[in-house]
Each structure stands twice: as structure tokens, then as C-alpha cells.
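S.K.: Structure below; questions to follow.
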Amino acid sequence: SAIESLDGTFDQIFITTGALVVNAAEPEKTIRQFTSNSAIDQFVTNAVGPTLILKHIKRLIDKNSNCFIGVLSARVGSIGDNNLGGWYSYRAAKAALNQYIRTTAIEYARSFPNLTCVAIHPGTVKTNFTKKYLGRHPAVSPEDASKNILGLANSLKPESSGQFFDWDRKTVPW
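Numbering (the working numbering), first residue to last: 1313 to 1486.
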């Protein structure tokens, strides 16, 4: 794997994998559109994939460093913040990812007391892909999203580990 080819240790690690449309399956607007194949594809892409990265990066963290691990998630993965419904498979996969991140943060804190591992909602980022989902929803440029995420990463301490934050440094309910 690509991770196995890396040497040394890192102070900041960002896991930015994921997809809203997997194998041409658009997000479900109603339960009638839900299929097991779409749910499985979303789970593998948006929950299992990033978690495998979390598994394999452990050797890249110095025991005494203040390493930051930020995993891009999505606010729609928040159960407590779901007021719209829809997007069943994507929401569930991101909710599962959030659980994996929190559980990894707890485990890694035992070995790396100065580590911060969090879920991050980057906001809606203006890309060719997101054009059709924006509507009147506010969005930021990729450059601004990057600055926001780096600002968040540089502001958090180990006490924040295991939490879910948005781009504006506010906690997101699980």
C-alpha cells in the first residue's frame, strides 16, 4: 500500500477520502430508492476506507509528538443534526465513520497522550461535482476550505480528541 512506503513521522495527517456518488448511485431522496448495493458501496467508500488508513498510519506517529489527525466527514453524518432526512446510505456511512474516528481517538490516546484525532466537516466546497447540490446553500472555495481546516487543526488540543468539528471550529453533535 502507499502508506507502507512512507517513512518517518508526521505532525499532521489529514484523511480526505470519500465520495457522495459511488458507482453512479446518486444519494437517495426517499427510502424507496434505498438499495443494499448502494448502502454497501457507501459504507466501504466512506467508512471502511478511511478507517483502514487510520489503522495503518499508527507507525507514522511519534509517541511524544503533538500529532493532529483530521478525518474529513460530513455534517449529514450527524444523527443529532439530521433535520432533513434523505441521503440514507451516505448519511449512515458518515455516521459509521464518525464512530470509527471516535473509537480510534480513544485507542490512540492510550499510546499517544498528546495526539488529537477528530472528525471534520469541511463545509460545502465549490467544485464541479458539488454544483448540482448547492442550490442556495453557502459554499466555500477549495482554497478557503483548506485554510479553514488548517486553522482548525492548529487550534485544537488533545482534550478535543474524539470530537466532531465543523470548518468554523464549532462542535457538531454526534
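Positions of the beta carbon are idealized from the N, C-alpha and C atoms, including for glycine. Just so it is clear, the structure is predicted and the values come from calculations on it, not from any experiment.
1) Output the residue ranges of the alpha helix (DSSP H) runs that lie fully inside the segment 1330 to 1378 and measure 4 residues or longer, sorted by chain position.
2) Taking three-plus beta-carbon pairs below 8 Å as touching, is the segment 1420 to 1437 in contact with the segment 1468 to 1480?
3) Enumerate in chain order the residues of its own chain whose CB-to-CB distance from Asp1323 is below 8 Å, with the five nearest sequence positions on each side excluded.
4) Just the C-alpha distance for Thr1436 and Asp1353, rounded to the nearest angstrom, thanks.
5) Got a sec, what are the start and stop residues for the alpha helix (DSSP H) Ala1457 sits in?
6) One question on the structure: do Ala1331 and Ser1401 come within less than 7 Å of each other, judged by their Cβ atoms?
7) Which of helix, strand or coil does DSSP assign to Val1484?
8) List the endpoints of the continuous beta strand (DSSP E) containing Thr1428.
9) Can you tell me where the alpha helix (DSSP H) holding Ile1418 begins and where it ends?
10) When the Cβ atoms of the segment 1383 to 1403 are set against those of the segment 1437 to 1448, are three or more pairs found closer than 8 Å?
11) To the nearest angstrom, how far is it from the Cα of Lys1375 to the Cα of Ala1407?
12) On the DSSP bridge list, what partners appear for Phe1326?
13) Who are the near neighbours of Ile1418 in its chain, counting only those whose CB is closer than 7 Å to its CB and skipping five residues on each side?
14) Near Ala1359, what residues of its chain come up, given a Cβ to Cβ distance below 7 Å and the 5 sequence neighbours on each side ignored?
15) Taking the continuous alpha helix (DSSP H) assigned at Leu1446, which residues delimit it?
16) Please list, in chain order, all residues of the same chain as Thr1363 whose beta carbon is under 6 Å from its beta carbon, the five residues on each side excluded.
17) Can you tell me whether Asp1319 is buried or exposed? The criterion is at least 16 other CB atoms within 10 Å of its CB, across all chains shown.
M.R.: By the coordinates alone:
1) If only complete runs of 4 or more residues are kept, the segment 1330 to 1378 shows the alpha helix (DSSP H) at 1348 to 1355, 1361 to 1368, in order along the chain.
2) By the Cβ rule, the segment 1420 to 1437 counts as touching the segment 1468 to 1480, because three or more pairs are nearer than 8 Å.
3) The beta carbon of Asp1323 lies closer than 8 Å to those of Ser1377, Asn1378, Cys1379, Phe1380 in the same chain, with the five residues before and after it left out.
4) Cα to Cα, Thr1436 sits roughly 22 Å from Asp1353.
5) Ala1457 -> alpha helix (DSSP H) spans 1454 to 1467.
6) At a Cβ-Cβ threshold of 7 Å, Ala1331 and Ser1401 do not count as neighbours.
7) DSSP places Val1484 in coil when its eight states are reduced to three.
8) Counting along the chain, the unbroken beta strand (DSSP E) around Thr1428 starts and ends at 1428 to 1433.
9) Segment 1400 to 1423, the alpha helix (DSSP H) holding Ile1418.
10) Fewer than three pairs of CB atoms, one per stretch, sit closer than 8 Å, so the segment 1383 to 1403 makes no contact with the segment 1437 to 1448.
11) For Lys1375 and Ala1407, the distance between alpha carbons rounds to 29 Å.
12) According to DSSP, residue pairing for Phe1326 in a beta bridge involves Gly1382.
13) Excluding residues within five positions, the ones whose Cβ falls inside 7 Å are Gly1474.
14) Same-chain partners within the cutoff: Ala1405, Ala1408, Leu1409, Tyr1412.
15) 1443 to 1446 is the extent of the alpha helix (DSSP H) around Leu1446.
16) If we look at Thr1363 and ignore the five residues flanking it on each side, its Cβ neighbours are Tyr1412.
17) With fewer than 16 Cβ atoms within 10 Å of its Cβ, Asp1319 is classed as exposed.
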